[in-house]
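One structure below.
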Amino acid sequence: MTSKNSLFENAAGGVSLVKLLAKIIRRNIWLPLLALIGFLLNLPVATALIYNAIDNENVYYTYQSDYFAAEVMMIFQICSSFIIIVGAVLAAFTLFRYLHVRSQVDFYHSLPIRREKFFAVNWLAGFLVFLVPYAAAHLLNLLMLGLFGMLPYLPMDTYFVYILFNILGYALMFSLAVLAMLLSGNMPGTLKILTGIYGLCPAIAGVFMSLASIFYSNYVAFSDTLTNGLLRASVLERYCWLSWLSLDSERAELCAQDWIAGILLLAGTVAVSLLLYKKRNSECAGSTLAFRWQKPLFKYPYVVLFGLLGGIMFYAAGSMSPFWAAFGAIIATLFTAQLMEIFINNDFRAIRRGWRAAFASVLVVGVLLAYYGLDLGGFDKWQVEADAVERVQVEERLLDTGMGSYSSYNYWEEGDQYYKWSADDYAERYNMLTFSEPANVAAVVSILNSPESRYEFRNADDDDDYYYTDGDSQVVEVVYHMKNGRTKVRRVFCGGMAVNEQAYLTLLASDEWRAQLFLNKGMFVGKNVMLEGFRSFVSGGNEAEYAPNLVLTEAQSNAFYETYKREFAALSAEELLKSMPLGRLQVGFYTEKVEDNSSYYEYKDLEYAVLYIYSGMTETIENLQYIYGENVLDTRYPAGRIESVREVHRVIDCEQNDADTPYYDCYIGETEVVRTLDPATDAAEIAKIYAATASEDRFSYVPYYYMLPSLSDTYYEFTYNAGSLESSSYAGEYGYDYGVSQQMPISDSGETFWTEIRYPLQ
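For the sequence shown, UniProt numbering gives the first residue as 1, with consecutive numbering after it.
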């Protein structure tokens, strides 16, 4: 080689690794310069533009807000991740192109340096062309943030964590690109392998999910271990997913598994790359594929994948016809097989040699479609035998707990963990009930297997699927843990609940159910407790649903908790299932209250529960009356306040909207006032009607509403004179003036009235 191409001063004395590294970077100086331009535009320049826009425009929030800090994180991370991925591929292709270019073989063979060291120096150069510009851009960005006074409002811990994670992410992406260069003998082959590493596994997982969603509408994605494994198999998918989490600063948290997985994968990739490099016969493998197994490795998965996609598309477009699914699969498979043959060999004449492989792929696609379409694996078997179930987990909705429900305001805070969840993780996160005692398992299975229940034939992904006209059905998700080790997860349409009364009584009377109620899990312990509002279901009751939050002292909280827990435990299963609650109370739990700049309060670790109040809870009722006012649960018959009662009939026509589903479309026709009762002459009959009816609100909010009589086509309209109330508003012990929340129309004479719709209990 000529001296101007030499990378060292004294060939006899060996190569200085530092000088070699510097020479390699100088020869490819455009790489760090390009990265620096990208990071400068993304970090300090973007910060200046954002600050200028907010400083000169009247916007809803200012740069002092946490929301702005989250948006800054979003812009920084999303754009940085794009630069990192593209830069890693460019650096690998540039610095390791000598593996594929014959003209450089003699030059690199002439260097007095071990091949492994030369490989390591190139890898280090590829890392530094990213690290130096990235660090410089961040230093300038921090300086810019400091000049604009934004540093106090930026989550610095998250900021620096993502800097480190981006460095790890780049090293991993760069190592994978280098590995792809080693596995292939030419640039097109490298691109194919990189496509497989980055996107093939998620694509296959997406096809499996599409197949299951089309053929089995009761499919629940998280339960499919194979699908989740494939989704996590792509490093690019995981890195991009974590990067997008910076949209919300509360979710932009990397767990220990992310770091461990990234470090282990990086170490493994570098080790495999070095091993393959040492086993190569020379620096350049030539212009053909380096290994025989590469061709089928990245050919057939794509052929099968696109064949299945073709079948799915034709199946969906062809009115769910198996004929069109088969037709689309065959056409797509044949076309993709021939296209891949041309692409791999860079020769149109390769079409003549690809028919055998194409027809073999058609066979594979046909078997996969038949497996799903004909349910050869028994996936869509809607019933299970109780004897085969070890334990079952079911949504709270099935046993709409008589003491209420529990949830969290930070519902999506752990959204980044979705593809890590097992069925048990999912059940715990969504507060599903678990039953393992044989009697309870049999009760749950009998409810879900009853003739009135069936497994859905369509997904219930929107709110409309959870509301039905007759109050006697609902949709729940259930996880069956079978004795043979399998896990089955189904979304179940449950109808005709009233016929399963004995099964419900069994579950509500069981210690296993009561032990899982949040009241018995110490939710009150160690947290501040506040009452967020009370809704009365009784006539004349004072509505305090939108009352100011009332924080209880520790003594008040403990007393309320112990009283409610004791009185609820005394309620029988029969009372929980069939009695009508008097009202519901929403309770919040939090660890700390912080006032932000907008005078609003933020409650850290805020969770809430809904508690139902029953007539037998005398001490709890006394506590509520002490807090909200004596008439908050006034159960007295309002004889002196009734102005009139009208009996109304309405016509309800229901027809099944689809022969394959249990859903009905109901239409409310004309209403007719059958008679009007006068309290002066019909007092006895009005009192009898009042006792035999319940307020419409009570039907809407009570637990086990599906066990109560369905709303009939006859109802009664009670009109009360609000002016004759003892007081139209009441200030409780804590001085809050809640007022009566019902709508109060005014008559021609100026009197104020409010109305109540009551439905028969029988």
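For glycine and all other residues, C-beta sits at the position ideal for the given N, C-alpha and C.
Nothing here was measured: the structure is a model prediction, and the numbers come from that model.
CB-CB length for residue i against residue j, believed under 8 Å
i      : j      : result
Lys527 : Phe589 : 4 Å
Ser361 : Arg391 : Not a contact, Cβ separation roughly 42 Å.
Ala48  : Met150 : So it is not a contact: roughly 11 Å between Cβ atoms.
Met187 : Leu99  : Their Cβ separation, rounded to whole angstroms, is 10 Å, which puts Met187 and Leu99 out of contact at 8 Å.
Leu168 : Gly126 : Not really, about 15 Å apart at Cβ, beyond 8 Å.
Gly307 : Ala332 : 5 Å
Thr591 : Lys604 : 5 Å
Val89  : Ala177 : 5 Å
His649 : Glu672 : 5 Å
Ser644 : Thr719 : 5 Å
Ala137 : Leu36  : 7 Å
Leu172 : Gly262 : 6 Å
Short Cβ contact (8 Å threshold) for residue i with residue j
i      : j      : result
Ala329 : Gly268 : no
Leu17  : Val121 : yes
Ala694 : Tyr759 : yes
Val161 : Pro32  : no
Ala92  : Phe174 : yes
Lys565 : Leu507 : no
Pro133 : Phe39  : yes
Lys278 : Ala388 : no
Leu585 : Leu531 : yes
Val492 : Val475 : yes
Arg646 : Tyr690 : no
Val529 : Ser557 : yes
Ala573 : Leu505 : yes
Glu575 : Gly616 : yes
Terminal residues of the alpha helix (DSSP H) in which residue i lies
i      : result
Asn623 : Thr618 to Tyr628
Ala388 : No alpha helix (DSSP H) holds Ala388; DSSP gives it neither H nor E.
Gly38  : Trp30 to Asn42
Ile447 : Pro438 to Asn449
Ile24  : Leu17 to Arg27
Gly559 : It is worth fixing the name first, because residue 559 is Ala in this sequence and not Gly. Its alpha helix (DSSP H) spans residues Glu554 to Ala569.
Gln502 : Glu501 to Leu508
Asp511 : Asp511 to Ala515
Start and end residues, beta strand (DSSP E) containing residue i
i      : result
Gly169 : From DSSP, Gly169 is part of no beta strand (DSSP E) but of the alpha helix (DSSP H) over Met156 to Leu183.
Leu433 : Leu433 to Phe435
Val587 : Gly583 to Tyr590
Tyr134 : It is not in any beta strand (DSSP E) - Tyr134 instead sits in the alpha helix (DSSP H) that spans Arg115 to Leu147.
Environment of residue i [buried if 16+ CB atoms lie within 10 Å]
i      : result
Met580 : buried
Asn42  : buried
Glu116 : exposed
Met156 : exposed
Gln393 : buried
Trp30  : exposed
Asn542 : Reliability fails at Asn542, whose pLDDT of 48 lies under 50, so the model's placement of it is uncertain and no value is given.
Val594 : exposed
Lys192 : buried
Phe560 : buried
Asn549 : exposed
Gly311 : buried
Lys299 : buried
Leu147 : exposed
Asn500 : buried
Arg97  : exposed
Phe119 : buried
Asp737 : Model confidence at Asp737 stands at a pLDDT of 36, short of 50, so the residue's coordinates are unreliable; what they give is reported in the following sentence. Burial call: exposed.
Tyr466 : Low confidence applies to Tyr466: its pLDDT is 32, below 50, so where it sits in the model is not reliable, and the reading given next is rough at best. So Tyr466 counts as exposed.
Tyr626 : exposed
Val674 : exposed
Val525 : exposed
Glu685 : exposed
Tyr411 : Residue placement at Tyr411 cannot be trusted, given a pLDDT of 33 that sits under 50; the coordinates are not used to answer.
Leu139 : exposed
Ser81  : buried
Per DSSP, the bridge partner or partners of residue i
i           : result
Asn484      : Asn484 is not bridged to any residue.
His649      : Glu672 and Thr714
Thr719      : Ser644 and Thr755
Lys578      : None; Lys578 has no bridge partner.
Asn528      : Tyr590
Ser695      : Arg758
Lys604      : Glu592
residue 795 : Here the chain comprises residues numbered 1 to 762, so residue 795 is not present and cannot be evaluated.
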